[in-house]
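Worksheet: one structure, shown below.
Residue numbers (our numbering), protein chains in the order written: chain A, 1 to 303; chain B, 1001 to 1303.
In structure tokens, the structure reads:
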């Protein structure tokens, strides 16, 4: 990561964390436990990528971080809820996330389900408050909520999670889908859709044009997919431990870009996507510097 | 139930079901399974009480059913998601609801969790679309989303579910709360909050005044609480099977209005709440006839 990108993420991440603390402060008529469970996962050390994208997109369209903070937090809440539910025993059954016990390990399964539900709901409340404070008109406010809901719902992230569930052991069964398109579907929806929604939300709050919004969405789609391909490559060439894990992935018939196309072609695909992301940012000139640096980081990172 | 209320519910319920079918129709980029799981629970025979309240409140403020249908459906989606998550093994662990196997019994736990998440998300998309089609201004659109989110979230329904979880075996443990206020908290939040949100949403979409909105919210709070008290009473005096169940509830230390106050005082409390509900409706005159009939039904029903 370049020094200036590092600094950009640090400064804006601090603004986001301060706003998250406000949004998650104990409210009247709210049980203590649920607030604790929600805060536990929100402050478990996330990189705040989606909030940073909301802010960077808004800046491309002439607004500032403070104008979009509540929505930036909304996108982080939705990301966090999806991790809490993903980690549940009925889903991925993970005991640890970022080295800390997962929500259901600390608070129990019932509370973890409700903490996820609470975060998803609070996200829409925060976005609506942001639309009001920015004095968006009715069409803009509806577009903001709708963009977030589409990115998070069955046509977006939830749809990707379903496809991911259905991809397990895909080689051994006839699922009626081709592995290449299916893998792309999973990544475009499970990961890229919420990244696209983050960029769209920033553009809508900043009063960006339909053209600006579309360009930022296309940028998000490209880096979202590139990020996942790079992830698959890192899984194989990252380090020896991961090489070991690769063997077991292969046994598990895990559907990855590397298993489908090989390391070389997967790397090439990621590079082409990052080049496309850069093309989409051209109209924004210097204002898009953070988004450019983020796109490059996606394929140069080593962890 | 009076004949005219019966007819009102039937006619409007049919409108709601037709709109739900549209909203839940297969969309581009959406996996088949999740749509099936969501539809299975939505069309499992609910009474559509919350959608009916959205419509009846809108009519009190001068709008028509067709003006608020998407939001009426949104409230039903939120109610249904809460039932799907409530029925999960980690929560109430119910195999049947309304005589049909619960979502996780049919689709598995992972899909049931995601179906709930998908419905909650789609609800906000539907409400936002309704705000746009009604040409609400930014403040109105934000108020609509916010009212629904508050009713559904940790200050509303989710908060009530948490308190309910924490009330289990309350007698045997020191939870630091008094049983009377705690029971009222559960019912006001687990049930009444989403009823209040339904009425507020109808009023907001119809362009009702702040005064009208507050009156309808107070009506909702009263009938929501009365409904739960009547439920506790029915559990005891309803029929012999339920009397048998009562014994086991008592063994389980279940916190109910009857266990706290006795049948007579509980009935009196429900009657007083329904009287209050009627008072709140006075300003609306004849337009509030369906809401009046609904309030009476709450304490005269026998199942």
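Beta carbons are placed, not taken as given, at the ideal position from N, Cα and C, and that holds for glycine. Every value quoted in this text rests on a predicted model; they were computed, and no experiment measured them.
In terms of beta-carbon proximity, residue 114 (chain A) lines the interface with chain B, with at least one pair separated by less than 7 Å. When secondary structure is reduced to three states using DSSP, residue 1088 (chain B) falls in the coil class, being assigned neither helix nor strand. Contacts between residue 110 (chain A) and chain B, judged by CB atoms closer than 7 Å, involve 1090, 1091 and 1165 in chain order.
Shown here, residue 1178 (chain B) sits in coil according to DSSP, grouped into three states, outside any helix or strand. Judged by their CB atoms, residue 1085 (chain B) and residue 1062 (chain B) are not nearer to each other than the 7 Å cut-off. Counting the other Cβ atoms within 10 Å of the Cβ of residue 268 (chain A) gives fewer than 16, which makes it exposed.
Around the Cβ of residue 1019 (chain B), a 10 Å sphere holds 16 or more other Cβ atoms; the residue is buried. Remark: C-beta atoms of residue 1198 (chain B) and residue 1301 (chain B) do not approach each other more closely than 7 Å. With distances taken between CA atoms, residue 204 (chain A) lies nearest to A:145 out of A:262, A:145 and A:151. Comparing C-alpha distances from residue 159 (chain A) to each of A:32, A:192 and A:48 shows the shortest one belongs to A:192. Only residues of its own chain outside the window of five on either side were considered, and among them 1179, 1180 and 1183 have a CB closer than 7 Å to the CB of residue 1260 (chain B), listed in chain order. Setting aside the 5 residues that flank it on each side, residue 1223 (chain B) is surrounded in the same chain by 1277, 1295 and 1298, each with a C-beta closer than 6 Å to its C-beta; the list follows chain order. Shown here, residue 1280 (chain B) sits in a helix according to DSSP, grouped into three states. Interface criterion met: the Cβ of residue 1153 (chain B) is under 7 Å from a Cβ in chain A. By DSSP's assignment, residue 101 (chain A) forms a beta bridge with A:96. The C-beta distance from residue 1034 (chain B) to residue 1114 (chain B) rounds to 6 Å, short enough to fall under 8 Å. Every unbroken stretch of the alpha helix (DSSP H) spanning 4 or more residues and falling wholly within the region 102-135 of chain A is given here in chain order: 103-107 and 109-133. Of the other Cβ atoms in all chains shown, fewer than 16 fall within 10 Å of the Cβ of residue 93 (chain A); this residue is therefore exposed.
For residue 1137 (chain B), the chain A residues whose C-beta falls within less than 8 Å of its own C-beta are 137 and 138, listed in chain order. Just so you know, the alpha carbons of residue 293 (chain A) and residue 65 (chain A) end up roughly 18 Å apart. When only Cα atoms are considered, residue 7 (chain A) and residue 13 (chain A) end up about 10 Å apart.
Linking residue 220 (chain A) to residue 76 (chain A) through their CA atoms gives a straight-line distance of about 16 Å.
Contact annotation for residue 1189 (chain B) against chain A: 29 [CB-CB distance below 8 Å, chain order]. Boundaries of the alpha helix (DSSP H) around residue 1145 (chain B): 1138-1152. If you ignore the 5 residues before and after residue 79 (chain A), its C-beta comes within less than 6 Å of the C-beta of 50, all in its own chain and listed in chain order. Take residue 284 (chain A), set aside five residues on each side of it, and the residues of its chain with a beta-carbon closer than 6 Å to its own are 60, in chain order. Residue burial annotation: residue 1003 (chain B) is exposed, with fewer than 16 other C-beta atoms found within 10 angstroms of its C-beta. Within chain B, the C-beta atoms nearer than 7 Å to that of residue 159 (chain A) come from 1029, 1030, 1031 and 1034, in chain order.
Chain-ordered listing is empty here: chain A has no CB closer than 7 Å to the CB of residue 1213 (chain B), the nearest sitting near 16 Å.
Residue 57 (chain A) places its beta carbon less than 7 Å from that of residue 216 (chain A). Those residues of the region 119-137 of chain A placed with their C-beta closer than 7 Å to a C-beta in chain B are 120, 121, 122, 124, 125, 128, 129, 131, 132, 135, 136 and 137, ordered along the chain. Across the set A:230, A:153, A:274 and A:236, the C-alpha of A:153 shows the shortest separation from the C-alpha of residue 1028 (chain B).
The count of Cβ pairs closer than 8 Å, one atom from the region 1092-1110 of chain B and one from the region 96-103 of chain A, stays below three, leaving the stretches out of contact. Beta-carbon to beta-carbon, residue 266 (chain A) and residue 258 (chain A) are separated by about 5 Å, close enough to satisfy the 8 Å threshold.
Nearest CB-CB separation between residue 85 (chain A) and chain B: below the 7 Å threshold.
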